[in-house]
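For the sequence shown, the positions run 3 to 618 when this note's numbering is used. The beta carbon of each residue, even a glycine, is placed where N, CA and C say it ideally should be. Encoded as structure tokens, the structure appears first; notes follow it.
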Amino acid sequence: MNFALGAVLILLVAAIVMFAINRPRMDAVALIMLTLLPFSGVLTINEALAGFSDANIVLIAALFVIGDGLVRTGVALQLGDWMTARAGGSDVRLLALLMLVVCGLGATMSSTAVTAIFIPVVLRIAQSTGASASQLMMPLSMAALISGMTTLVATAPNLVVNSELVSYLERRGDLNPAGFHFFSFTPFGAPILILAIVYMLFARRWLANDAPAPGQVSRQPTLAQWINDYQLAAREHRVRIQPHSPLANKKIEELQLKNDFGAVIVAIDRRGRLIQPTPQTTLLVDDLLLVDLLAPEREVAELRSEYQLAEIPLSGNYFADRSQDIGLVEVILHDKSDLIGKTPAQSRLRDRTGLTIIGLRRGQAAVESLLAHEKLQLGDTLLLVGPWRSIKNLQTGGRDFVLLDLPAEFHQLLPVQGKAPHAVACLLLVVGLMVSGIIPNVQAALIGCLLMGWSGCVTLESAYRSIDWKTIVLIVGMLPFSTALQRTGGVDLASDALMQICGGMGTYGILATLFAMTAILGMFISNTATAVLMAPIALAVGSELGASPYPFAMIVALAASTAFMTPVSSPVNTLVVTPGNYSFGDFVRVGVPFSLIVMVVSVLLVPQLLPLFPAP
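Following this line, the structure appears as structure tokens:
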């Protein structure tokens, strides 16, 4: 062992120890190594920093931005609602759907980002269905990790291993070095996902069922609760303006709906776009009017007949269903309020705040009389309805009332509404370009980012915030170790030692050993750093055997995603510890047996699908 190799190994061991004890944080360790490696004389500072110009680093950053577009536009939120509806109260169906959806979404974006997206979704599902959050968070993290075994761009280790494979083929003299394609990983990830779903149906019993996750129980009311408390369901009416209606092409201030029928137009649905009505708003044919009307059914029928309005079926949960467009807020009148003694009609509250009084409680009971003629009193609790931007303005304070409560849905508002189809179209285009191979993956991802920005799904500010710079710096900081170990003979030394240890085991034994080494190393350091270290060793072993490099690169990539065994094996696991109320032992108890299953499946499948010695 020469001095240069010794220096590189000392730095590598130091990095592993710091990763294991998590002191300092991982990206800081990577920066320390990036700074110290040039002192070994093996690399120049420019070579150490070359990772920042690596196409795969740019690709990873671009995928974070695309993932942010899916979050901001509500694609992930809609998936959660869809899962709850499709599960139909079945825990088995819910778990299977959760793992399938998470893995499917994680196939095209960061598994860490997917996990972060779905934690609040899973908590909401647990609240609404009564399921145990502890028994859903572990399947969530497992599916997110398995998503890294489904496509080339699903996780950073895949891209790192693929980059190392292409570099190896170039050094070997291949004229057209081809790495893995987009779906090279799918034949391995799909059966592993199916096994994981079956496994978790039984293994979830090893997790606590009665320990609620912190923050799972919320004291905040929901829109549905307010609809019930203020008895809104019986008063909601939705009507369409027909071609010969006297309301067509009239301004709201010209009408006598409030005086004649006590009717308040809460919102206007115009071709799927919700409009907040003002006195100057002109009503058009085919507008859908959401009307708050407390009157006998006979008067409701008279209203529809007189103004030629077609009744449209409306559920009592309309406000909850349109929670991204229209909101509710609860306020209480104080002793200096100008509203005391006035009726809602006299208050002209909508003109001043953009909000309409839709409910009134006096004490604990909802007032059932005609609200338009009810005089407001000190201490009355009012339920106001209107656009969220108007509700947000109330947070700065009001002269007539004190903001009492906001619904839980307030914290689930999407930064961008109505752009989900655009985000999905951008994602499908990126995936299509990557699968076709017409242009490089990184160029396809950058096109997706630009289209996300052009369509309004993301902004420059949100794009920069969405990139996990900690992960980027970690990868860039560890990449130079691969080059340094190759130049100093460290890779050859490791591969020789590995061949001496398991040379008599045959190719299956060697693949199993490589898998086990990668998975065990990943228990203590980042799976991305593990891939950086193990990929060149695996390729060197394959070279000594005279075998194809593809199965050896694949076994390392699959093992790098097999990070189920400890809460520090991957950021994905770390994210679910608190909301799942897990201990270190929970991951060991559930993760170790499944890691062994994945190892057996991978070692059996890899040589079958990627022949070790392909026919010439």
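Classified as buried, P538 has 16 or more neighbouring CB atoms from the shown chains inside 10 Å of its CB. Between D231 and the set F41, P581 and A368, the nearest pair of CA atoms involves A368. Of all C-beta pairs linking the region 540-556 to the region 574-594, fewer than three are shorter than 8 Å, placing the two stretches out of contact.
The beta carbons of A447 and L45 sit about 28 Å from each other, so the pair does not count as a contact at 8 Å.
When the beta-carbon positions are compared, M20 and V578 stay at least 8 Å from each other.
Beyond the five residues adjoining it in sequence on each side, C105 comes within less than 6 Å, by CB distance, of A145, I148, S149 and L195 in the same chain, given in chain order. By the criterion of a C-beta distance shorter than 6 Å, I393 is surrounded in its chain by G329 and V331, once the five residues flanking it on both sides are discounted.
By the Cβ neighbour-count rule, I270 is buried, with 16 or more other Cβ atoms within 10 Å of its own. For H336, DSSP records no beta bridge to any residue. In this structure, T530 keeps its C-beta atom at 8 Å or more from the C-beta atom of T520. Rounded to the nearest whole angstrom, the C-alpha separation of T157 and A562 is 10 Å.
Contact between I599 and L197 holds: their C-beta atoms lie close to 6 Å from each other, under 8 Å. In this structure, the CA atom of Q227 is about 47 Å from the CA atom of F184.
For L292, the pairing in a beta bridge is given by DSSP as R240 and A269.
Within the same chain, A425, M454, C459 and V460 come within 6 Å of G71 by CB-CB distance, once the 5 residues on both sides are set aside. Shortest Cα-Cα distance from N575 to any of M507, V116, A64 and G53 involves V116. In the displayed model, V475 falls within a helix according to three-state DSSP. Rounded to whole angstroms, S571 and V268 show a C-alpha spacing of 52 Å. Counting C-beta pairs closer than 8 Å gives three or more between the region 381-391 and the region 330-344, which meets the contact rule. In the assembly as shown, G90 is an exposed residue. Its beta-carbon has fewer than 16 other beta-carbons within 10 Å. Residue P482 holds the alpha-carbon nearest to the alpha-carbon of S55 among T515, P482, I127 and G191. Straight through space, the alpha carbons of L61 and L305 are spaced by roughly 59 Å.
Inter-residue distance for L611 and V77 is about 34 Å (C-alpha atoms, whole angstroms). Using a Cβ distance threshold of 8 Å, D289 and I254 do not count as a contacting pair. Looking at V155, L292 and P389, the one whose alpha-carbon comes closest to that of L234 is L292. In the structure shown, R401 adopts coil according to DSSP, grouped into three states. Of the other Cβ atoms in all chains shown, 16 or more fall within 10 Å of the Cβ of F182; this residue is therefore buried. Every candidate beta strand (DSSP E) stretch fails here, since none sits fully inside the region 101-150 while reaching 3 residues.
A direct Cα-Cα distance of roughly 17 Å separates P551 from S484. Taking 8 Å as the upper bound for CB-CB distance, F120 and S468 are not in contact here, some 16 Å apart. Taking R391 as reference, the option from A410, G420, G361 and T355 with the minimal CA-CA separation is T355.
Burial state of L385 is buried, judged by a 10 Å Cβ sphere holding 16 or more other Cβ atoms. Annotation: the continuous alpha helix (DSSP H) that includes L430 extends over A422 to S438.
Around the Cβ of K421, a 10 Å sphere holds 16 or more other Cβ atoms; the residue is buried. In this structure, P423 sits away from T224, with a CB-CB distance that is not shorter than 8 Å. Secondary structure of V369 (DSSP, three-state): coil.
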